[in-house]
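Enquirer:
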Amino acid sequence: MRGYVVSECTLGENDLQEKIFDEKWKKDTKFFEFENAVNSNETIDNIEKWLFDFDRQLLNIYIVSPTDEIINMQDKRCRDLNYYINYMLYYIPKITKNTQNTADIIDTFQRFIKGIFSSWGNDSPLSKFKCAREHKDYKNTMYLIKDLDDYCENKKVFQKMLETYDYRTCCKYARYVRDKKRSFHDYILRGYISKNDDDFHIEDNCTLKKSGVTFPNVTCDKGKISESESDELPVASLNGHLATSQQHMLRGTLPEDSFNSNHISNEDTYDDVNGMFSEGTSHYLDTLQENNRFHIAYDPINN
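In my numbering, the protein residues as written are 11 to 313.
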């Protein structure tokens, strides 16, 4: 069997498709500004304005101009969106200046979120993307749930690519699987997470409960790839603490984004979206705000 060459098996910046999507999403929504404020224990000067702009970009990404990647991977993209919203709801009070009304800001943002998710529950021809809201109180281990979910997405992409065998792609995949398994092995041994936690059971082939399937042994040999079930991750922890550096990593960011933003420029499309939210017995759009921004309001009478 050919030995692995480190340089051949090292992941490049374009090898993980989920990471590419995530970084572009953060760039388009300017989410990295929010995340940077969290990680540096700083505040955003005008969080209310920032959230208006963020809301507008969500409309663009998921309603006005959803890409095939979003539509074809709705379940995963929906989980990603729920993760980020739960993260934001937790950290908004921590990065809002004392001079701003945090309660009103959160209420306004939640009205928008309830409105847009309610629209995805309707059978509107404009709703190419469907997603149900799943509220969870944010905690640091949620980062690892998303990390597992992201890993499984990238794993599927590698497996699809390797339907046509390529040694370099295969050894990158093998190393990626191995390294991720080691990471989760460490988190379990240190007592930070439990492999039996239902939150880490995303689907049958993406779960810590069947880690031997989730993290297979990958062999690249004789012009083909083979995968076999690996040893299961441990159940018990060695102690209940992570090193300080590892705890900090759980709150860390992805590398700085390097993609251009998408901008909504078609006012006729705005009108179509406005009409979609106004259909039926519930009405979710307020009048256009200053500077022609959207704000979706939640109608408590119908909910």
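Every residue gets a Cβ at the ideal spot worked out from N, C-alpha and C, and that includes glycine.
Just so it is clear, the structure is predicted and the values come from calculations on it, not from any experiment.
Quick check: what's the CA-CA separation for Asn-51 versus Tyr-93?
Expert: 20 Å
Enquirer: Helix, strand or coil: how does DSSP classify Thr-106 here?
Expert: strand
Enquirer: Suppose the cutoff is 8 Å on Cβ atoms and the five residues either side in sequence are ignored; what does the same chain contact list for Ile-105 look like?
Expert: Phe-44, Ala-47, Val-48, Glu-52, Thr-53, Ile-54 and Ile-57
Enquirer: On the CB-based measure, 16 or more other CB atoms within 10 Å of its CB, does Ile-81 come out buried or exposed?
Expert: Answer is exposed; the Cβ neighbour count stays below 16.
Enquirer: Could you give the first and the last residue of the continuous alpha helix (DSSP H) run that contains Asp-78?
Expert: 78-82
Enquirer: In the DSSP assignment, the alpha helix (DSSP H) including Asn-49 goes from what residue to what residue?
Expert: For Asn-49, the uninterrupted alpha helix (DSSP H) run begins and ends at 41-49, by DSSP.
Enquirer: What does the alpha-carbon distance come out to for the pair Leu-218 and Ser-204?
Expert: 8 Å
Enquirer: What did DSSP end up calling Thr-217 once you bin it into helix, strand or coil?
Expert: Look at Thr-217 here: in three-state DSSP terms it is strand.
Enquirer: When the Cβ atoms of the stretch 112-122 are set against those of the stretch 151-169, are three or more pairs found closer than 8 Å?
Expert: Here the stretch 112-122 makes no contact with the stretch 151-169; the two share fewer than three CB pairs at distances below 8 Å.
Enquirer: Which whole-angstrom value describes the C-beta separation of Pro-76 and Lys-138, a residue pair presumed to lie in contact below a C-beta threshold of 8 Å?
Expert: 5 Å
Enquirer: Once you ignore the five residues that flank Ile-198 on each side, which residues in its own chain have a CB closer than 6 Å to its CB?
Expert: Its chain contains Lys-205, Leu-243 and Pro-244 as the residues whose beta carbon lies nearer than 6 Å to that of Ile-198, once the 5 sequence neighbours on both sides are disregarded; these appear in chain order.
Enquirer: Between the beta-carbon of Asn-215 and the beta-carbon of Thr-224, is there less than 9 Å?
Expert: yes
Enquirer: Looking only at C-alpha atoms, which of Asp-209, Val-74, Phe-64 and Met-83 sits nearest to Met-152?
Expert: For the residues Asp-209, Val-74, Phe-64 and Met-83, the minimum Cα distance to Met-152 belongs to Asp-209.
Enquirer: How many Å lie between Asp-25 and Asn-108 at the Cα?
Expert: 42 Å
Enquirer: Taking Cβ positions, are Tyr-175 and Lys-234 nearer each other than 9 Å?
Expert: yes
Enquirer: Roughly how many whole angstroms lie between the Cα atoms of Tyr-202 and Ser-128?
Expert: 35 Å
Enquirer: Suppose you measure from the CA of Cys-88 to the CA of Glu-144; what does that come to, to the nearest Å?
Expert: Linking Cys-88 to Glu-144 through their CA atoms gives a straight-line distance of about 9 Å.
Enquirer: Taking the DSSP output, what are the residues bridged to Thr-229?
Expert: Ser-236
Enquirer: So what's His-145 in DSSP terms, helix, strand or just coil?
Expert: coil
Enquirer: Going by DSSP in three states, Leu-198 sits in which element: helix, strand or coil?
Expert: The question names Leu, but residue 198 is Ile in the sequence shown. In the three-state scheme derived from DSSP, where H, G and I count as helix and E and B as strand, Ile-198 is classed as helix.
Enquirer: Asp-66: which of Asn-150, Ile-123, Lys-182 and Cys-181 sits nearest, CA to CA?
Expert: The residue asked about is misnamed: residue 66 is Arg in this sequence, not Asp. For Arg-66, the nearest C-alpha among the options comes from Ile-123.
Enquirer: Can you tell me whether Ser-236 is buried or exposed? The criterion is at least 16 other CB atoms within 10 Å of its CB, across all chains shown.
Expert: exposed
Enquirer: Below 9 Å between beta carbons: does that hold for Lys-191 and Leu-21?
Expert: no
Enquirer: Assign Ile-126 to one of three DSSP states: helix, strand, or coil.
Expert: helix
Enquirer: For Ile-54, which beta-bridge partners are listed by DSSP?
Expert: Thr-106
Enquirer: Val-147: buried (16+ other C-beta within 10 angstroms of its C-beta) or exposed?
Expert: In the sequence under discussion, the amino acid at residue 147 is Asp, which differs from the Val named in the question. Exposed, because fewer than 16 other Cβ atoms sit within 10 Å of the Cβ of Asp-147.
Enquirer: Where does Ile-203 fall in DSSP's three states?
Expert: coil
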